[in-house]
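Structure first, then comments.
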Amino acid sequence: MQIPTRDAAVDRLEQLATAFMEAKILLAAAELRLFDQLRGAGATAAEAAAALGARTRPVEVLLDALAALGLVAREGDRYRNVPRYEDRLLESSPSHYPGLLRHRNRLFRRWAFLEETIRGRPLPFLDDLRDGLTDPAANENFIRAMYAVSHRHAGAVVDRIPLDGVRTIADLGGGPGHYLAEFARRLPEAEPFLVDLPLTLEVARTILAGSDVAARVRFVAWDFYEEPAPGGLPPFDLVFLSQVVHAEDDAKNRALFAAIAARIAPGGRLVVHERTVEEDRSRPAEAALFAVNMLAMTAGGTTYTAGEIEDWGRAAGLVPERRDRLSPLSELITLRKPGTATVSR
Ligand SMILES: C[S@@+](CC[C@H](N)C(=O)[O-])C[C@H]1O[C@@H](n2cnc3c(N)ncnc32)[C@H](O)[C@@H]1O
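Residue 296 in the working numbering sits at position 305 of the sequence shown; the count goes up by one each step and never skips.
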């Protein structure tokens, strides 16, 4: 009889159960801004520790683990970045990737107490996603994270949206403004409005500064889940709402859709871009996992089905027009306001 030496089921369970270690090593290094210490000829553990105001031994342990993961190189007692990752990991990276890592580190802290959240116990000592909207440092990481996650796909998403006749466009909760910039490039005559919370708009101004469309963008502060729309907005031919609704509950989104419908010109459209989940709520896997992220981070957020999003639209007088799934984390749901565009607009 052969004695089994491997247990594939346990191997898989162990792989799942220990994945947090590698993640946390990378996230802690990003939180400490350690990679900036390892530019050029790099640094010893003692030099890096002195720059961080930390003790040498823990920094050395972290650096050795980063070397083991191939994220930095060790030569003698010096550590330096490796070319493959350095561009992404330095604070000056145009990809804003360190912001994404620090945002994920904040998620990690709440994920660590997921079972308490599921039991319904409050975690007063930890911030939640809303603090990402009100705390300036957390907000900056959050908005840079949004850029890092999707700036490479933004053009391909916008290419799937019909833009005929669009003269006024609002990106609601547009974050860093990377989608709006893509719309503005394709619509040189249109007025592009970036609508978001004041702190986010500050970060967006920095990220958009120097872009070819920055001068055309109108920045509009509107807390659209809490306040009526500010005066002076035109009727919009197109409202884009990307990766916003999953952070709030059904009732708040229903109210938001009513407010949006009132801002859309007759014949205009609302395009929702979301991490939708199928009716069985477990496919795609990415969406089911993201629902846990919203459970950990928000009071009422979750992943929604395309049907639920269309229902909010119907209740607001909009007519579902089409659905386009672009990837497991990306579906476009288009709704149209009945009527015909008027020339005076
Ligand atoms: C997950 S980010 C998505 C950013 C961008 N639309 C994208 O797809 O990358 C959510 C955005 O909604 C904004 N937001 C959240 N609640 C808001 C509110 N009550 N009023 C205005 N903007 C809000 C946030 O500031 C953030 O920019």
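Where a beta carbon is used, it is the ideal one built from N, C-alpha and C, also for glycine.
For the alpha helix (DSSP H) containing Pro74, list its first residue and its last residue.
Note, Pro74: alpha helix (DSSP H), 74 to 80.
Report buried or exposed for Val52, applying the criterion of at least 16 other Cβ atoms within 10 angstroms of its Cβ.
It counts as exposed.
How would you call Glu270, buried or exposed, if buried means at least 16 neighbouring beta carbons within 10 angstroms?
With fewer than 16 Cβ atoms within 10 Å of its Cβ, Glu270 is classed as exposed.
With respect to 6 Å, is the separation between the Cβ of Ser83 and the closest non-hydrogen atom of ligand 1 below this value?
Checking the Cβ of Ser83 against ligand 1 gives no.
Considering Cα atoms alone, identify which of Gly156, Trp102, Arg274, Asn72 is closest to Ala32.
Distance check between Ala32 and each of Gly156, Trp102, Arg274, Asn72 places Asn72 closest, using alpha-carbon atoms only.
Could you spell out the range, first to last residue, of the alpha helix (DSSP H) harbouring Ala205?
Here Ala205 belongs to no alpha helix (DSSP H), and DSSP marks it neither H nor E.
Is the beta carbon of Tyr295 within less than 6 Å of some heavy atom of ligand 1?
No, ligand 1 has no heavy atom inside 6 Å of this Cβ.
Relative to the C-alpha of Glu239, which residue among Gly292, Arg151, Asp203 is closest?
Among Gly292, Arg151, Asp203, the Cα nearest to that of Glu239 is on Gly292.
Reduced DSSP category for His142 - H, G, I as helix; E, B as strand; rest coil
Three-state DSSP puts His142 in coil, outside helix and strand.
Assuming Pro183 contacts Met137 under a Cβ cut-off of 8 Å, what Cβ separation, rounded to an integer in Å, is found between them?
Wrong, their Cβ atoms sit about 17 Å apart, outside the cutoff.
Does ligand 1 have a heavy atom nearer than 6 Å to the CB of Gly166?
Proximity of the beta carbon of Gly166 to ligand 1 is indicated: a heavy atom of the ligand is located closer than 6 Å.
Could you check which residue in Asp155, Leu190, His142 has the C-alpha nearest to that of Leu171?
Nearest option by C-alpha distance: His142.
Do Thr267 and Ala297 have their CB atoms nearer than 7 Å?
In this structure, Thr267 sits near Ala297, with a CB-CB distance shorter than 7 Å.
Does the distance between the C-beta of Tyr88 and the nearest non-hydrogen atom of ligand 1 fall short of 6 Å?
No, since every heavy atom of ligand 1 falls outside the 6 Å radius drawn around the Cβ of Tyr88.
Count the other CB atoms within 10 Å of the CB of Pro89; is the residue buried (16 or more) or exposed (fewer)?
Residue burial annotation: Pro89 is buried, with at least 16 other C-beta atoms found within 10 angstroms of its C-beta.
For Glu182, write down the residues that DSSP places opposite it in a beta bridge.
Beta-bridge analysis with DSSP links Glu182 to Thr159.
Taking CB distances under 7 Å as the criterion, tell me whether Pro225 reaches chain C.
Among the chains in the structure shown there is no chain C, since it carries only a single protein chain.
Range of the contiguous beta strand (DSSP E) that encloses Pro311:
Looking at the DSSP string, the run of the beta strand (DSSP E) that includes Pro311 is 310 to 318.
Does Ala34 come out as helix, strand or coil in the three-state DSSP assignment?
The answer is strand: DSSP assigns Ala34 an E or B state.
Sub-7 Å separation of Leu224 and Val263 beta-carbons:
By the CB criterion at 7 Å, Leu224 and Val263 fall outside the cutoff.
Measure the Cβ-Cβ separation of Glu322 and Glu277 and say whether it is below 7 Å.
With respect to the 7 Å criterion, Glu322 and Glu277 are not classified as neighbours on the basis of their beta carbons.
Work out the CA separation of Glu13 and Arg93 for me, nearest whole Å.
The straight-line gap from Cα to Cα measures roughly 15 Å.
Measuring CB to CB, does Arg316 end up less than 7 Å from Thr325?
Not closer than 7 Å, so no.
For Ala249, collect the residues of the same chain with a Cβ closer than 8 Å to its Cβ; drop the 5 residues on either side in sequence, then sort them by chain order.
Closer than 8 Å at the Cβ level, and outside the excluded window around Ala249, lie Ala306, Ala307.
My output table needs one value for Val334: the three-state DSSP class, helix, strand or coil.
At Val334 the pLDDT is 47, less than 50, meaning the model places this residue with poor confidence; the figure from the coordinates comes in the next sentence. Reduced to three states, the DSSP call for Val334 is coil.
Along the alpha helix (DSSP H) that carries Val283, what are the first and last residues, could you check?
Per DSSP, Val283 belongs to the alpha helix (DSSP H) from 276 to 288.
If distances are taken between C-alpha atoms only, which option among Ala220, Arg69, Arg75, Leu114 comes closest to Gly61?
For the residues Ala220, Arg69, Arg75, Leu114, the minimum Cα distance to Gly61 belongs to Arg75.
Does the region -6 to 5 come within contact of the region 54 to 68, defined as at least 3 CB pairs closer than 8 Å?
Taking one beta carbon from each stretch, the region -6 to 5 and the region 54 to 68 have fewer than 3 pairs nearer than 8 Å; the two do not touch.
Contacts around Ala39, its chain only, beta-carbon distance under 6 Å, and the 5 residues preceding and following it disregarded:
Hits under 6 Å: Gln28, Val50.
Measuring straight from C-alpha to C-alpha, what distance separates Leu190 and Arg(-3)?
The straight-line gap from Cα to Cα measures roughly 53 Å.
Ends of the alpha helix (DSSP H) at Asn1?
Residue identity differs from the one stated: residue 1 is Val in this sequence, not Asn. Per DSSP, Val1 is one residue of the alpha helix (DSSP H) stretching across -1 to 22.
Determine the DSSP secondary structure at Leu323, reduced to helix, strand or coil.
In the structure shown, Leu323 adopts extended strand secondary structure according to DSSP, grouped into three states.
Roughly how many angstroms separate the alpha carbons of Gln6 and Ala20, rounded to a whole number?
Rounded to whole angstroms, Gln6 and Ala20 show a C-alpha spacing of 22 Å.
Should Ala212 and Leu185 be called a contact, given that it needs their Cβ atoms to be closer than 7 Å?
Taking 7 Å as the Cβ cut-off, Ala212 and Leu185 do not qualify as a contacting pair.
Same chain, Cβ closer than 8 Å to Ile198, five either side skipped, listed in chain order
Excluding positions up to five away in sequence, the list reads His87, Ile134, Arg135, Tyr138, Pro167, Gly168, His169.
Please state whether DSSP places Leu98 in a helix, a strand or coil.
Here Leu98 sits in helix by DSSP.
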